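**Q** Chains as they are written, first to last, in our numbering: chain P, 1 to 738; chain B, 1 to 438; chain Y, 1 to 160. The C-beta atom is built at its ideal place from N, Cα and C for all residues, glycine as well. Just so it is clear, the structure is predicted and the values come from calculations on it, not from any experiment. Let me give you the structure first, and then I'll get to my questions.
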Amino acid sequence: MADVPQTVTLTIDGKPVTVPTGTLLIEAAKQASIEVPSFCYYPGYSLQGACRMCVVSIEKMPKLQTACTTVVANGMVVNTQNPEVVNGRKAMLEFLLTNHPLDCPVCDKGGECELQDAVFRYGAAETRFVETKQHEDELKFSNLVYYDRPRCILCYRCIRVCDEGMDVNAYGIGFRGSHSEIIPNRGEELECEECGMCIDICPVGALTSGTYRYKTRPWEMNYTGTICNHCGDGCKTTLSVRNNAIIRANNRDHSGFNGEFLCVKGRFGWDFVNSEKRLVTPLVRRNGSQAPASWEEALDVTVSRLKAVLETHGSGAVAIIGSNRTSNEENYLLQRLARTVLKTNSVDHHRTGDFSTLVAALSEAKATDRYATMQDVSEARSILLIGNDPTHQHPLLAFQIRQAVRSHKAQLHVVNSAGIKLALRQAAQFVRVNPGDERTVIRELAAGGGPESVSSLRAKLGSESGTIVIFGDEIRGDSVRNLVRWGLSLPGNTRFIALGDYANSRGAADMGLLPGSLPGYEPVSSEAARARYAEVWGATVADVPGRNLRQILDDVKAGQIHALLVFGSNPVKTFGLPGELLGKLDLLAVAELFATETTEFADVVLPAASFAEKSGTVTNTCGQVQAIKKTMRKAGTRSDLEIILALARELGHAWAYGSAEDVLREIITHVPAYNVALPSLMVGRAVPTRPAGAPPALERDDLVFSSRDTLFTSGTVSRFSWALNSVNEAKRPHGHIF
Amino acid sequence: MSDYQSYMKGSPLEVKVISARFGLPNSTSIDTFLAHEGYQGLKKAFQMGPDAVINEMKSSGLRGRGGAGFNTGLKWSFVPKQTDKPKYVVCNADESEPATCKDRPLMEYDPHQLIEGIVIAGYAIGAHQGYIYIRGEYRYLMDILDRAIAEAYARGYLGRNIQGSGFDFELCTHTGAGAYECGEETALLNSLEGLRGYPRVKPPFPAVVGVYGCPTIINNVETLCNAPHIILKGAEWFAGLGTPKNGGTRLFCLSGHINRPGVYELPMGFPLRRMIEEVGGGIPGGKKLKSVIPGGSSCPLLTADEIDVAMDFDSLARIGSMLGSGGVVMIDQDTCMVKVAQRIMKFYAHESCGWCIPCREGTAWLKRLLDRLHGGGGLPGDPDTALDVSYNILGKTLCPLGDAAAMPTISIVKKFRSEFEEHVSLGACPYERKAVAV
Amino acid sequence: MLSEALKSRFDQVIARYPLKRSAIVPLLLFAQDEIGYISDEAIEEIARRVEVRPIEVIEDISYYSMLHRQPIGKYNLQVCTNVSCQLLGGEQILDHCSKRLGIGHKQTTSDGLFSLEEVECLGACCGAPAMQVNYDFYENLTPERVDRLIEELKANGKAR
Ligand SMILES: Cc1cc2nc3c(=O)[nH]c(=O)nc-3n(C[C@H](O)[C@H](O)[C@H](O)COP(=O)(O)O)c2cc1C
Ligand code: SF4
Ligand code: FES
């Protein structure tokens with residue numbers, strides 16, 4: 001066959017347009033900034049040719065053609081404006097409106113409705129339809145998704161996003177002709193991931209949100225682009241606020257690497273912020289029981305007890321447990337508080353993935369250019385997934401993986417102890433192992449030999465190039481080293497992603513909420529590093545690693561720790577710690593959003609602001625830094641940043657930070673790998689970081705473990721989300737739909 | 001079991017090619033078939049070789065009997081020769097076009113003729129599997145075909161190495177379950193794949209990307225039944241039976257207001273007037289003819305003074321109608337044309353698959369408008385609205401069902417407009433009034 | 001419970017296609033022939049055998065007009081009223097059946113013996129007006145022929 005030219009040139013409305021061969025006419029028009037209206041066409045999903053809204057006239061073709069199904073050809077002469085086309089569109093809209101209720105004033109989509117806009121731009125003034133419209137009652141598909149048949153224009157977007165995008169296939173079409181309707185997969189109800197993608201992708205008000213419907217008009221809300229606070233993937237989301245309460249979250253502008261994607265947590269799980277169970281007044285324990293107190297009092301008590309403990313027992317008797325959700329700025333200041341004010345390196349957090357060892361291994365191999373981003377995954381040709389269940393624990397990552405498989409047949413290789421959905425539905429190869437044997441597989445992959453399944457995996461990966469290696473908490477410590485060493489020996493640029501649970505799990509490690517590492521994974525043992533930070537902080541840092549989280553808890557048991565500060569963490573639950581022990585402390589101060597198993601035993605409870613109520617940055621599991629923006633205020637709460645600053649001040653260290661941004665500036669200038677461009681962060685970009693350093697080896701195996709959240713849980717906060725708890729799936733056994 | 005007499009009344013004017021064996025005792029058995037030239041065409045095809053077969057078909061001027069009238073040989077020639085994909089032959093036995101009942105006798109009285117035609121088609125394009133997609137209502141015909149297929153296997157006319165030719169071909173029936181749209185070739189393919197009968201975007205055409213994404217030819221029952229005769233007696237002979245570019249004969253189904261309704265095999269281009277008067281024996285009760293549906297309800301209707309036309313694809317196209325599927329319906333003077341239009345639209349509204357907007361919403365709208373108009377609630381603007389809505393459907397739908405709904409409506413409103421206006425002004429159907437009067 | 005005979009027929013039919021799901025519509029119709037309608041059990045069973053999600057089977061059922069999920073009469077009278085039949089009194093035949101049985105379109109007699117349905121062209125245009133009782137054709141109908149037929153069917157129906 002003769003070689004095909006890479007581009008074709010055609011004329012649209014007199015404009016010459018040159019586009020790659022195989023481009024669809026509707027996309028070519030877009031490039032020439034000519035709008036061709038459409039409903040059923042949706043980039044990235046299969047073609048329907050159903051709505052006929054995109055009709056255009058093409059020279060030498062008998063009748064109007066649909067731009068969404070026509071592939072451009074050289075010399076094609078297209079007209080999108082002539083009377084025939086204009087009338088064609090008018091006709092389609094008149095048809096659509098014959099049975100479409102004109103209830104726009106009370107329709108959620110009013111103001112954001114593609115049909116409304118199309119009628120405004122292309123529609124006929126009046127209709128000749130005089131028959132009565134057929135009414136049908138609205139159906140409740142689930143607590144989060146409602147369906148209004150008369151409003152539905154049958155563009156089949158919901159079906160495709162659920163089928164092709166989510167691989168859930170919860171929707172079908174029922175009946176025929178003008179009786180056709182969208183039907184859910186379980187009788188009257190949906191059984192699905194409840195991601196709500198169908199709601200956003202619906203061009204009209206046919207699919208509406210159980211949490212948003214009939215609450216407001218789109219133009220009455222304030223919109224803030226920020227980052228979802230749940231899993232570690234870091235989806236961009238737009239919070240819509242009215243009367244100082246969040247009403248909706250979505251990503252209509254497709255900004256961020258998640259495009260149109262949000263999972264059920266991102267789209268609905270923010271409602272914990274509005275929960276009336278939020279802590280809004282500080283609590284101080286007086287003769288046994290916690291009582292409301294003023295902020296001043298609460299801080300006084302904390303500080304005076306801290307001072308007392310320091311005087312009598314020394315800094316070895318204090319420790320800090322940090323959070324997986326607080327911002328980088330807060331984490332940075334928290335470890336500074338520990339190291340320079342309390343004079344202890346005993347600061348740690350619940351580590352949900354072994355980022356440190358990944359950094360160490362890549363640094364040793366001089367391969368710190370090999371961190372993969374979320375975008376990289378959707379473009380990957382070969383992916384190796386070891387452990388974890390992204391469908392539940394990293395919904396966006398799972399979406400990206402499916403996209404890679406769908407769009408360009410990427411080869412997915414899975415090593416897992418469970419038949420996870422990605423392994424059963426998308427994987428080219430699935431090596432199933434006993435729990436714990438993921439590490440064995442890696443050893444065998446590296447050493448050669450091993451069972452047939454492993455050697456064929458080795459062979460296949462040997463034939464791929466540029467594989468992205470993604471691993472969960474099953475791989476930690478030396479296994480990470482082995483994996484990296486072997487992975488780098490594969491053809492092409494192998495890149496890596498370590499998976500951690502929450503919105504800022506990665507940031508906690510990056511910012512040095514670790515007993516042995518300063519911000520940027522520099523060991524406290526490093527003379528140079530200590531010197532540099534001493535300069536920045538105007539205070540020295542102890543050269544021996546502090547106590548890690550397990551040791552801190554042992555010391556609490558052993559009565560060697562007398563004061564414990566906990567920020568946004570629930571150790572009693574997470575580490576199964578008998579709370580009574582905490583009762584014995586001279587000081588347990590906890591900054592939290594809600595009453596938890598840990599606050600129960602606190603001497604001081606400080607009501608903290610949530611992600612929606614503060615600004616800063618977070619770093620996703622791939623190491624991409626993104627800005628979170630203050631959306632609203634919650635009376636009575638203070639951000640962890642304010643709390644840390646206040647404590648420092650009361651302890652005699654008046655730090656000169658006016659805002660989170662000042663802290664960020666310091667991080668940018670002084671933390672290796674965080675020299676990111678502030679402006680790109682501010683315009684909402686996801687800026688990748690490539691840390692290099694020599695952090696100490698993982699102290700003990702049981703320091704790293706994931707909470708194994710499902711799609712419908714998110715640590716402690718999800719207990720306070722009506723939306724997440726109200727969907728049936730959340731009540732069913734883990735993984736039932738998949 | 002259709003009653004042979006009522007379908008095959010016979011006429012001296014018939015030229016029997018594909019219906020020649022219908023009357024024979026035990027006509028469905030393979031022995032009867034073999035005793036009357038059965039499978040001779042196939043044997044000859046094996047000697048000619050695939051390309052020769054396709055060329056013979058092309059020059060015979062055989063055009064699709066399903067409705068579209070596309071040159072069959074040409075269609076076969078579009079199937080790619082070099083491909084590693086399997087190829088398929090699908091026989092369209094969905095016969096659902098209103099007023100059409102010609103494939104029925106072909107399968108009922110001479111099933112082996114169809115099987116032979118299908119195997120020839122398979123041999124010509126290099127397919128090794130065939131499916132007969134038969135409408136669900138035709139269950140008894142499926143049983144007849146299944147028996148015939150079993151016989152053909154037993155006698156080596158299906159299966160491996162057919163008659164020592166080295167050619168393998170598998171064939172089975174596939175039942176539909178009630179959907180006119182599944183007669184449309186791409187909807188049929190989806191239905192055959194177990195999906196809802198929605199049409200596919202063309203191109204690609206089935207000849208290149210058909211069932212299971214493989215090259216596929218889809219032909220009507222009657223079309224395929226002609227193949228053995230063309231191969232056996234030659235393209236020239238076949239072409240000679242009809243008019244230029246319209247080779248052979250055609251089964252016409254005469255129904256409605258006609259004295260001798262039935263299926264008649266007449267040469268292509270047979271004059272419509274003679275068909276009505278001489279073959280069909282005229283209009284019952286000596287009534288006057290008002291209108292004719294020339295080829296199934298999808299075709300624009302003719303008025304009584306348009307019947308001096310040769311019944312072939314091109315002649316009917318010339319007067320703005322179509323030969324369609326061979327269903328010829330006579331409508332007498334006492335018939336309400338608004339009611340005819342209403343009933344036709346009721347059908348298309350019921351059968352619209354609902355995939356694309358103009359067909360789904362347009363047919364529903366027109367049905368309700370015509371219901372209201374015939375029911376007496378007509379408004380002065382209705383005839384024009386009916387026309388506009390039809391034109392807004394025409395040429396804008398994904399598959400031709402939309403056109404099939406629009407075309408008859410446009411022709412009826414245009415040609416019998418006064419009847420519509422009378423309904424409006426009377427606020428009732430004049431004909432039902434008369435009915436009441438007598 | 002689906003009969004063993006039906007299940008083995010399922011296997012034969014499925015084996016005819018390179019893609020199992022091709023068998024869905026035939027299987028549904030054969031299941032309906034045996035059970036009288038399409039039960040939830042049948043849906044699950046078919047979905048399992050052709051390896052699709054149940055909703056894909058349900059989508060098909062509501063598309064094809066011959067398939068139904070509710071039991072209907074032992075004899076389903078399907079009267080054609082399309083053009084060729086209409087011109088020769090198809091609608092009168094429908095009305096006659098309706099009066100005679102006391103049921104309307106898509107209704108079933110209380111004794112469960114008869115259902116009535118107005119259908120589109122049956123391909124019996126030259127024998128108009130026509131109807132189908134289950135799969136059997138009855139053509140050139142008159143009200144009298146219909147009465148006789150209904151009586152016969154009653155007799156048979158009661159007999160069994
Ligand atoms: C709505 C619609 C219904 C159709 N129904 C039938 C049918 O019942 N039988 C048939 O043979 N062709 C039918 N056709 C035509 C087929 O699409 C196709 O053209 C034909 O099967 C090709 O075979 P042929 O070339 O032998 O005619 C229909 C077309 C449309 C648009
Ligand atoms: S995938 Fe993760 S980040 Fe994205 S919306 Fe869901 S929970 Fe939020
Ligand atoms: S966008 Fe082209 S048909 Fe819908």
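1. How about residue 75 (chain B): is its Cβ closer than 7 Å to a heavy atom in ligand 1?
2. Quick one, which of B:102, B:403, B:331 and B:194 has its alpha-carbon nearest residue 286 (chain B)'s?
3. Would a C-beta distance cut-off of 8 Å place residue 563 (chain P) and residue 587 (chain P) closer than the cut-off?
4. I want to see whether chain P comes within less than 8 Å of residue 58 (chain Y), judged by CB atoms only; does it?
5. Looking at ligand 4, does it come within less than 7 Å of residue 400 (chain B), judged from the CB to the closest heavy atom?
6. What did DSSP end up calling residue 73 (chain Y) once you bin it into helix, strand or coil?
7. Work out the CA separation of residue 409 (chain P) and residue 91 (chain Y) for me, nearest whole Å.
8. Write down every uninterrupted run of the alpha helix (DSSP H) in the stretch 490-532 of chain P whose length is 4 residues or greater and which is fully enclosed by it, in chain order.
9. Tell me, please, whether the CB atom of residue 185 (chain P) is closer than 8 Å to any CB atom in chain Y?
10. Express the C-alpha separation of residue 328 (chain P) and residue 514 (chain P) in angstroms, rounding to a whole number.
11. Pull up the distance between the alpha-carbon of residue 456 (chain P) and that of residue 400 (chain P), whole angstroms please.
12. Measuring straight from C-alpha to C-alpha, what distance separates residue 706 (chain P) and residue 473 (chain P)?
13. According to DSSP, is residue 614 (chain P) part of a helix, a strand, or is it coil?
14. Select from the stretch 150-175 of chain P all residues with a C-beta closer than 9 Å to any C-beta belonging to chain Y, and list them in chain order.
15. Using CA coordinates, which residue listed in P:599, P:558, P:681 and P:52 is at the minimum distance from residue 360 (chain B)?
16. According to DSSP, is residue 17 (chain B) helix, strand or coil?
17. From what residue to what residue does the alpha helix (DSSP H) around residue 90 (chain Y) run?
18. Give a yes or no on whether the minimum CB-CB distance between residue 76 (chain Y) and chain B is below 8 Å.
19. Under 7 Å between beta-carbons, which chain Y residues line up against residue 327 (chain B)? List them in chain order, please.
20. Decide if the stretch 357-368 of chain P is in contact with the stretch 197-205 of chain P; the criterion is three or more beta carbon pairs, one per stretch, under 8 Å apart.
21. Should residue 26 (chain Y) and residue 174 (chain B) be called a contact, given that it needs their Cβ atoms to be closer than 8 Å?
22. Output, in chain order, the set of chain P residues within a Cβ distance shorter than 7 Å of residue 201 (chain B).
23. Is residue 735 (chain P) helix, strand or coil by DSSP?
24. Indicate the three-state DSSP secondary structure (helix, strand or coil) for residue 248 (chain P) in the structure shown.
25. Please check the pair residue 437 (chain P) and residue 418 (chain P), which I expect to be a contact at CB under 8 Å, by giving their CB distance rounded to whole angstroms.
26. Please give the ranges of any alpha helix (DSSP H) in the stretch 212-262 of chain B, keeping only runs that are unbroken, at least 4 residues long and fully inside the region.
27. Taking all protein chains shown into account, decide if residue 437 (chain B) is buried (16 or more other Cβ within 10 angstroms of its Cβ) or exposed.
28. If you follow the alpha helix (DSSP H) that residue 390 (chain P) is in, where does it begin and where does it stop?
29. If I follow the unbroken alpha helix (DSSP H) through residue 86 (chain P), where does it start and stop?
30. How about residue 92 (chain Y): is its C-beta nearer than 8 Å to some C-beta of chain B?
31. What would DSSP say about residue 229 (chain P), mapped onto helix, strand or coil?
32. Can you tell me which of P:427, P:309, P:385 and P:518 puts its alpha carbon nearest to the alpha carbon of residue 348 (chain P)?
33. Please report how far the alpha carbon of residue 132 (chain Y) lies from the alpha carbon of residue 138 (chain B), in whole angstroms.
34. Compare the C-beta of residue 101 (chain B) with all C-beta atoms of chain Y and state if any pair is closer than 8 Å.
35. With a cut-off of 8 Å, do at least 3 Cβ pairs link the stretch 190-201 of chain B to the stretch 51-66 of chain B?
36. May I ask whether a heavy atom of ligand 1 can be found less than 7 Å away from the beta carbon of residue 127 (chain B)?
**A** So, from the data block:
1. yes
2. B:331
3. yes
4. Residue 58 (chain Y) counts as touching chain P.
5. The ligand content of the structure shown is limited to ligand 1, ligand 2 and ligand 3, which means ligand 4 is not among them.
6. DSSP, read as helix, strand or coil, puts residue 73 (chain Y) in coil.
7. Those two C-alpha atoms are separated by around 57 Å.
8. Counting only runs of 4 or more, we get 505-510.
9. yes
10. 13 Å
11. 25 Å
12. One C-alpha to the other measures close to 6 Å.
13. coil
14. Cβ contacts with chain Y: 169, 170, 171, 172, 173, 174 and 175.
15. P:52
16. coil
17. Element bounds for residue 90 (chain Y): 90-101.
18. At a cut-off of 8 Å between C-beta atoms, residue 76 (chain Y) does not count as an interface residue with respect to chain B.
19. 125
20. no
21. yes
22. 47, 49 and 69
23. For residue 735 (chain P), the predicted structure reports a pLDDT of 45, less than 50, and the residue's modelled location is therefore unreliable. The matter cannot be settled from this model.
24. strand
25. Wrong, their Cβ atoms sit about 12 Å apart, outside the cutoff.
26. 221-233 and 235-241
27. Confidence is the limiting factor: at residue 437 (chain B) the pLDDT is only 47, short of 50, which leaves the residue's position unreliable and the question unanswerable from this model.
28. Run containing residue 390 (chain P): 390-393, per the alpha helix (DSSP H) assignment.
29. 83-98
30. no
31. Coil at residue 229 (chain P), not helix or strand.
32. The option with the nearest alpha carbon to residue 348 (chain P) is P:518.
33. 10 Å
34. yes
35. Not touching, per the Cβ criterion.
36. no
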